[in-house]
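Take a look at the structure set out below.
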Amino acid sequence: MPRALILLLVMVSLIPGSERSEAVRIWLVDTYPEGAAPAVTAQIAGTTYANSTLVAARPDSVQLSGSNLDVALPWALLGDAGICQLAETLLESAPATVRESWLMLATACGRAESPAFRRIRDDLVRLDPAAAARLAPAKSGPERPNADPDADPDADPEVDPEVNPDEEDVDSTEPDKAVASMIDAQGKVIRSAYLRSAYDYSASAIGKRLGPTAKQLGGTSGSPKAKIWEPPIQIFKAGHQGAGQRWNIGGPPTNDGGDYSSTHGQILYAPDAGNDPGVDRVSILEQSHNTFTYEPTPTWWGGSHPEPMLATKSWKDACPKGLGSPVAIARGSGVWCNSGIIAFTSGLLGTAGTCTSGNPGTFLKLPPGKVPSAIALTPHNEFALVTVWDVTSLKGELAVIALDCSAPTLGAHSWAKPNPCLPNVGSFTSMKLMGFIELPFATPTGIAATGNRSGSPLWLKLAGKNAAPKEIDFAKQEIRDSFASRTGENAKFLSNSGYAVVISRFENKAAFIDLQPLFQHVGMMYCTTDKRYKETRGYGPDPKQWPCDFSVDDQPKPVVVKCLRVKAPTAVNVTIGGDHEARAHIATESGILQIWQVGGLATDAPATSAGIAKIGTVTIGRNPTCLAYVKDLGWGQPASLNKQLIAVCRGDREVVWIEFTGQDGKVIRRLQDVRLTDPVHAEIADAHGTESGILTVTDFAGRQIVNYRFGPVVFHTNGKKRFDMGPDGKAEFECGGSMSFPGCPYMVSGTNVN
3 MPRALILLLV
13 MVSLIPGSER
23 SEAVRIWLVD
33 TYPEGAAPAV
43 TAQIAGTTYA
53 NSTLVAARPD
63 SVQLSGSNLD
73 VALPWALLGD
83 AGICQLAETL
93 LESAPATVRE
103 SWLMLATACG
113 RAESPAFRRI
123 RDDLVRLDPA
133 AAARLAPAKS
143 GPERPNADPD
153 ADPDADPEVD
163 PEVNPDEEDV
173 DSTEPDKAVA
183 SMIDAQGKVI
193 RSAYLRSAYD
203 YSASAIGKRL
213 GPTAKQLGGT
223 SGSPKAKIWE
233 PPIQIFKAGH
243 QGAGQRWNIG
253 GPPTNDGGDY
263 SSTHGQILYA
273 PDAGNDPGVD
283 RVSILEQSHN
293 TFTYEPTPTW
303 WGGSHPEPML
313 ATKSWKDACP
323 KGLGSPVAIA
333 RGSGVWCNSG
343 IIAFTSGLLG
353 TAGTCTSGNP
363 GTFLKLPPGK
373 VPSAIALTPH
383 NEFALVTVWD
393 VTSLKGELAV
403 IALDCSAPTL
413 GAHSWAKPNP
423 CLPNVGSFTS
433 MKLMGFIELP
443 FATPTGIAAT
453 GNRSGSPLWL
463 KLAGKNAAPK
473 EIDFAKQEIR
483 DSFASRTGEN
493 AKFLSNSGYA
503 VVISRFENKA
513 AFIDLQPLFQ
523 HVGMMYCTTD
533 KRYKETRGYG
543 PDPKQWPCDF
553 SVDDQPKPVV
563 VKCLRVKAPT
573 AVNVTIGGDH
583 EARAHIATES
593 GILQIWQVGG
603 LATDAPATSA
613 GIAKIGTVTI
623 GRNPTCLAYV
633 KDLGWGQPAS
643 LNKQLIAVCR
653 GDREVVWIEF
663 TGQDGKVIRR
673 LQDVRLTDPV
683 HAEIADAHGT
693 ESGILTVTDF
703 AGRQIVNYRF
713 GPVVFHTNGK
723 KRFDMGPDGK
733 AEFECGGSMS
743 FPGCPYMVSG
753 TNVN
């Protein structure tokens, strides 16, 4: 054993408890440098990986492999708890001083009552009887363990920013505790904190990232006191091919299925089990056999837990070293989007849809060191914009990814040939990374994006008649002219401007990004000259193939137009489409919704910093963790997509509806229900032939999702029956039921099953 290591171990009794992991780490590096490959149990960012192998313990990193693990990580990412777990089964060959260090470390990590602790302690006492006396003081006052997935979500958060509603000044420079946890006094990123936050998606870490709960903020003013009425569930025995179909609206059931429709979605959650990927597929609503249900349930066809796509060969081949944890999921909000794109901490982006998606999965792996933190799709699914933390350079970036939906087998609404970057219905067949733009902060935490067209890309025009995308041939000049000419019959189909807003909770900033170069470049290439169109026929993965990498052609590269200070931004949303009424909405932890005009970002005029300004505020509720669109209900109902938002206010255990008129906004309804312990995210479901305002809420600490409706159910294509809310038909809300999860759900994204 090297003399330096011996000296270090002799001095271990002088090391404070929180630093004893260093003695254990150095012993691991000295004992297992390469080739020994002992079996271990690994704990990374709160997730446990049993039956793993320690490939190599190097001075700066540890390499591990297993059935769902193949990574080389810096020691800082493991932390005290991870090093303690890693060494647990290897200590039989360790000297007494290392075993003593491990026992002190295990005590600090709250593991003094484990069988392994008792076994190692008894072995040590036999080797060194005096150790018993030295260990006794360490049994009291254990330190709080790091990244414990079973931690109480209502425990005091490590990040508990002081928020004063009267200080909503975008120019405020008051220090923030959230910033202090990630940024030092000199404004530099703290590497260890940055790495841990980038990769740690355990329940406790997500809970802290979401900000304070109602309990942590001292209860709620007007906290939920009542339970919203829930209609009883009935069973149609012949439904679901004889398996029985649950329903709670309509009836009596008929043998005729009628105009069937349903909505399925993906739920992201922090799982209890280490081998659970944390993504499930669920049924949000279903209309058939003269019945309607909006009780959330496992999908009855195609698989549910976990998301069945994740078990397919294509998914396993896409990331053989392991997915990591799910970070976020997104779909385009301006039109039907079959598949959601899920981002994982491994850097993998993959698609998951419904039982009728007809798509085995489409994937893109970000370069090493690029860890996703949020994702948004442009409204018509042209691009995915992914915020990343670069754990090598310690900087924030925005990845721009071209999306394609083309295949003869995908139906009328898909392109017949590869046409990446054009509007589509989200049955994605390929993704290509065009490049990154550097953000003016290191820690992006949220994003929203839009283009300036709000119409549906399901139908185009061909010689004055409706046409599907697969019928459009851009090789013909007259077709290209129909898009490029201001008077062309397809002139409003392609966006020619747009923008994204990225927020950083840790650094109190928001950045406004101009997407006009991106959209205009696409229109120029597809819809002007024959020469340019032919360049798009060279679609492929090479940086020089269409669409080209920004390093080859930076003409389409988006530009950061403005960055400003916004204290504790928690969620962001932008209106779909572009004109002088386009707005960005930024929610802050204090419970203020800021309304921003965006100037030229929303039109084909040049975008300027001066055109971006805060024009109003609305008081909503404390710690709003989600801003979601109120989707149009159709069937003659007033348009709501750009007129209303819902905010999920974790700090007050409520969901709030906000309605906008001009520069102003007001709260028009509040949903509170004793069922909701910890609401953090929500989405309004897609509909088809049945009008229904159905809301799905993820209850993080409650370990469930809950469905509500806020409007009538009308069987427009199934007899036109109408069903209002409540036992007397006069209630403001109604509950469809709940569904529990093996973990803490934090995000929902769904779509109509087509």
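For what it's worth, the working numbering labels the leading residue of the sequence shown as 3, then goes sequentially.
Heads up, the beta-carbon is just placed ideally off N, CA and C, and yes, glycines get one too.
Predicted model, so just to flag it, every value in this text is computed and none were measured.
Separation of residue j from residue i, as counted between CA atoms
i           : j           : result
residue 504 : residue 438 : 14 Å
residue 81  : residue 324 : 20 Å
residue 642 : residue 693 : 14 Å
residue 153 : residue 213 : Low per-residue confidence applies at residue 153: pLDDT is 31, beneath 50, and the placement is therefore not dependable, though the value from the model is reported in the following sentence. Whole-angstrom Cα-Cα distance: 15 Å.
residue 698 : residue 298 : 8 Å
residue 526 : residue 534 : 8 Å
residue 286 : residue 708 : 10 Å
residue 602 : residue 450 : 17 Å
residue 441 : residue 200 : 16 Å
residue 668 : residue 620 : 6 Å
residue 561 : residue 519 : 8 Å
residue 157 : residue 392 : Bear in mind that a pLDDT of 31 at residue 157, under 50, signals an unreliable position, so the number given afterwards is only what the model happens to contain. Distance between the alpha carbons of residue 157 and residue 392 is about 30 Å.
residue 421 : residue 478 : 15 Å
residue 248 : residue 293 : 9 Å
residue 524 : residue 491 : 18 Å
Backbone secondary structure at residue i - three-state DSSP
i           : result
residue 674 : coil
residue 22  : helix
residue 532 : helix
residue 627 : strand
residue 337 : coil
residue 166 : No answer about residue 166 holds up, because its pLDDT of 30 lies below 50 and its placement is not dependable.
residue 599 : strand
residue 93  : helix
residue 526 : helix
residue 479 : helix
residue 611 : helix
residue 324 : coil
residue 724 : strand
residue 28  : helix
residue 310 : helix
residue 578 : coil
Integer-rounded CB distance, given that residue j should sit under 8 Å from residue i
i           : j           : result
residue 679 : residue 703 : 5 Å
residue 430 : residue 405 : 6 Å
residue 433 : residue 386 : 7 Å
residue 650 : residue 684 : 5 Å
N-terminal and C-terminal residue of the alpha helix (DSSP H) that residue i is part of
i           : result
residue 249 : Looking at the DSSP string, residue 249 is not in any alpha helix (DSSP H); the run it does join, the beta strand (DSSP E), is 247 to 249.
residue 81  : 77 to 89
residue 196 : 193 to 201
residue 316 : 315 to 320
residue 127 : 117 to 129
residue 585 : Premise fails: residue 585 lies in the beta strand (DSSP E), 585 to 590, not in any alpha helix (DSSP H).
Residue interval of the beta strand (DSSP E) (run including residue i)
i           : result
residue 99  : Looking at the DSSP string, residue 99 is not in any beta strand (DSSP E); the run it does join, the alpha helix (DSSP H), is 98 to 110.
residue 748 : 745 to 754
residue 487 : Element bounds for residue 487: n/a, residue is neither H nor E.
residue 648 : 646 to 651
residue 398 : 397 to 406
residue 564 : 561 to 567
residue 759 : Only positions 3 to 756 of the chain appear in this structure, which leaves residue 759 out of reach.
residue 511 : 511 to 516
residue 286 : 281 to 290
residue 264 : 263 to 273
residue 463 : 462 to 464
residue 500 : 500 to 506
Cβ neighbours of residue i in the same chain (closer than 8 Å, five flanking residues each side left out)
i           : result
residue 77  : 27, 62, 63, 64, 85
residue 746 : 155, 205, 208, 209, 271, 272, 702, 703, 705
residue 540 : 547, 548
Close-in-space but distant-in-sequence residues of the same chain around residue i (CB under 7 Å, 5 per side omitted)
i           : result
residue 310 : 283, 304
residue 226 : 655, 674, 675, 676, 678
residue 358 : 755, 756
residue 172 : The predicted position of residue 172 is uncertain, since its pLDDT is 44 and thus under 50; no value can be drawn from it.
residue 45  : 83, 84, 87
residue 333 : 339, 342, 379, 428, 751, 753
Nonlocal neighbours in the same chain, by C-beta distance under 6 Å from residue i, ignoring five residues either side
i           : result
residue 577 : 584, 585, 644
Residue-chain proximity (residue i, chain C), Cβ-Cβ < 8 Å
i           : result
residue 198 : Protein chain content of the structure displayed is limited to a single chain, and chain C is not contained in it.
Check: residue i C-beta below 7 Å from any heavy atom of the ligand SAM
i           : result
residue 390 : As far as ligands go, the structure on display features none, and thus does not contain the ligand SAM.
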